[in-house]
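**Student:**
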Amino acid sequence: MSALRPSPIAPTVDFEHDGVQHGFLRLPYSRDDSAWGSVMIPICVVRNGKGSTALLTGGNHGDEYEGPLALYQLARTLDPSQVSGTVIIVPAMNYPAFRAGTRTSPIDKGNMNRSFPGRPDGTVTEKIADYFQRELLPRADLVFDFHSGGKTLDFVPFCAAHTLPDKAQEKKAFAAVEAFSAPFSMRMTEIDAVGMYDTAAEEMGKVFVTTELGGGGTSRAETVRIARRGILNVLRHAGIVSGAVEKTRTKWLDMPSRDCFAFAEDDGMIETMVDLGETVKDGQAIARIYPVGRTGQAPQEIKARMSGLLAARHFPGLVKAGDCVSVLGVAVG
Numbered sequence: 001m002s003a004l005r006p007s008p009i010a011p012t013v014d015f016e017h018d019g020v021q022h023g024f025l026r027l028p029y030s031r032d033d034s035a036w037g038s039v040m041i042p043i044c045v046v047r048n049g050k051g052s053t054a055l056l057t058g059g060n061h062g063d064e065y066e067g068p069l070a071l072y073q074l075a076r077t078l079d080p081s082q083v084s085g086t087v088i089i090v091p092a093m094n095y096p097a098f099r100a101g102t103r104t105s106p107i108d109k110g111n112m113n114r115s116f117p118g119r120p121d122g123t124v125t126e127k128i129a130d131y132f133q134r135e136l137l138p139r140a141d142l143v144f145d146f147h148s149g150g151k152t153l154d155f156v157p158f159c160a161a162h163t164l165p166d167k168a169q170e171k172k173a174f175a176a177v178e179a180f181s182a183p184f185s186m187r188m189t190e191i192d193a194v195g196m197y198d199t200a201a202e203e204m205g206k207v208f209v210t211t212e213l214g215g216g217g218t219s220r221a222e223t224v225r226i227a228r229r230g231i232l233n234v235l236r237h238a239g240i241v242s243g244a245v246e247k248t249r250t251k252w253l254d255m256p257s258r259d260c261f262a263f264a265e266d267d268g269m270i271e272t273m274v275d276l277g278e279t280v281k282d283g284q285a286i287a288r289i290y291p292v293g294r295t296g297q298a299p300q301e302i303k304a305r306m307s308g309l310l311a312a313r314h315f316p317g318l319v320k321a322g323d324c325v326s327v328l329g330v331a332v333g
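In case it helps, UniProt numbering puts the sequence shown at residues 1 to 333.
See the structure below:
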């Protein structure tokens, strides 16, 4: 098997240099309007001597804004004197998607969070994933990736990590989740973890933490505050940034099985029957989907397949077959 070719991405920052650097991950991208053009992905490195390294990312999906808002501010305000080690900040990981305000890249329709480990000779999205896989993730001890619901989902604000085979690694991840101090903390289950940034980091043994903070393709004052306070808490918890963790009360939730998820089986107009944060019982109707092609037709009811708290719901008023309608979490403790 031949070795992978080097990444085409060239960083304009030096990861071993102390101080604050603002630069780019420059990815050559030849196109009709720029023959020798590049995609310029903003990056900030704050370093103060040897120590642990945190890799902080937002904009993995381009229509999610709490993470970028928190990270652009952190890059502007974090002083090296507060840091022991290194903080690498990439506020808009899938920069083409972020600039377009879309979940996936407008260049190649690539979903960054389904593109790992990537390819140095692949699409633009695959090349970015490959650079993270081979260059940035190996540098990191702690990986924090911000998410929210984007244009199609809305979540109660939670910080999350996954159940892992390595229980020592899992314990560190959930300790970081607790330090983040979101209103909710989640033991998260994925529908399909293949190709995810999460999976790539966890398989390297990294402490990986993520969030779901609101959604609807916008941000809210509350969720941005949660993001900004929470990321500083995690960095303080890890000993990378000085200061005490500002802990607030969090409610732990678990996603014990895929019965947490409900999906639409028909196209139509959705009526949400339960609000976010409310509890439902097994068999209770969560939503109705109304056929809109003609009058006189009964709606399809979407029922909970377990009891729990409504942690996420479909956001737009119209729904298509296969769309995620709701996600439930079960209170722990």
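Ideal Cβ placement from N, Cα and C applies to all residues, glycine included.
CA-CA distance, residue 4 and residue 129?
**Tutor:** When rounded, the distance between both Cα atoms is 14 Å.
**Student:** List in chain order: all unbroken alpha helix (DSSP H) runs of 4+ residues lying wholly within the region 128 to 211.
**Tutor:** Correct list: 167 to 180 and 197 to 203.
**Student:** Find out if the Cβ-Cβ distance for the pair residue 154, residue 214 is shorter than 8 Å.
**Tutor:** Yes.
**Student:** My parser needs the beta strand (DSSP E) runs of 3 or more residues fully inside the region 203 to 275; what are they?
**Tutor:** Counting whole runs of 3 or more residues, the region 203 to 275 contains the beta strand (DSSP E) stretches 207 to 212, 251 to 254, 261 to 263 and 268 to 272.
**Student:** Excluding the 5 residues flanking residue 193 on each side, which residues of the same chain have their C-beta closer than 6 Å to its C-beta?
**Tutor:** So the qualifying residues of the chain are 199.
**Student:** Would you please state the rounded distance, in angstroms, between the beta carbons of residue 264 and residue 286? I believe it to be under 8 Å.
**Tutor:** With 8 Å as the limit, residue 264 and residue 286 do not qualify as a contact, their Cβ atoms being about 11 Å apart.
**Student:** Once DSSP output is grouped into helix, strand and coil, what is the label at residue 56?
**Tutor:** In this structure, residue 56 counts as strand in the three-state DSSP scheme.
**Student:** When the Cα atoms are used, what is the spatial distance from residue 316 to residue 216?
**Tutor:** Rounded to whole angstroms, residue 316 to residue 216 spans 8 Å at the Cα level.
**Student:** On a Cα-Cα basis, can you pick out the residue from 133, 149 and 45 that is closest to residue 220?
**Tutor:** Answer by Cα proximity: 149.
**Student:** Who are the near neighbours of residue 72 in its chain, counting only those whose CB is closer than 6 Å to its CB and skipping five residues on each side?
**Tutor:** Counting only Cβ-Cβ distances below 6 Å, and skipping sequence neighbours, we find 91.
**Student:** Taking all protein chains shown into account, do 16 or more other C-beta atoms lie within 10 angstroms of the C-beta of residue 302, making it buried, or fewer, making it exposed?
**Tutor:** Residue 302 is buried by the Cβ-count criterion.
**Student:** To the nearest angstrom, how far is it from the Cα of residue 58 to the Cα of residue 295?
**Tutor:** If I take the Cα positions, the gap works out to 44 Å.
**Student:** Identify which residue in 99, 15, 165 and 133 has its Cα closest to the Cα of residue 114.
**Tutor:** Of 99, 15, 165 and 133, the residue nearest in Cα terms is 133.
**Student:** Any chance you could list the alpha helix (DSSP H) runs of at least 4 consecutive residues sitting entirely within the region 39 to 98, in chain order?
**Tutor:** With a minimum length of 4 residues, the continuous alpha helix (DSSP H) runs that stay inside the region 39 to 98 are 66 to 77.
**Student:** For residue 298, name the three-state secondary structure that DSSP assigns.
**Tutor:** Of the three classes helix, strand and coil, the one that applies to residue 298 here is coil, per DSSP.
**Student:** Mapping DSSP to helix, strand and coil, what is residue 119?
**Tutor:** Note: residue 119 maps to coil in three-state DSSP.
**Student:** Between the region 239 to 252 and the region 274 to 292, do three or more beta carbon pairs fall short of 8 Å?
**Tutor:** These segments do not touch.
**Student:** Looking only at its chain, what residues have a beta carbon closer than 6 Å to the beta carbon of residue 309, apart from the 5 residues adjacent to it on each side?
**Tutor:** For residue 309, where only same-chain residues beyond five positions count, the Cβ hits under 6 Å are 279 and 329.
**Student:** Note the first and the last residue of the continuous beta strand (DSSP E) segment covering residue 28.
**Tutor:** Unbroken beta strand (DSSP E) run through residue 28: 19 to 28.
**Student:** Do you know how far the Cα of residue 297 is from the Cα of residue 161?
**Tutor:** Straight-line Cα distance between these residues: approximately 42 Å.
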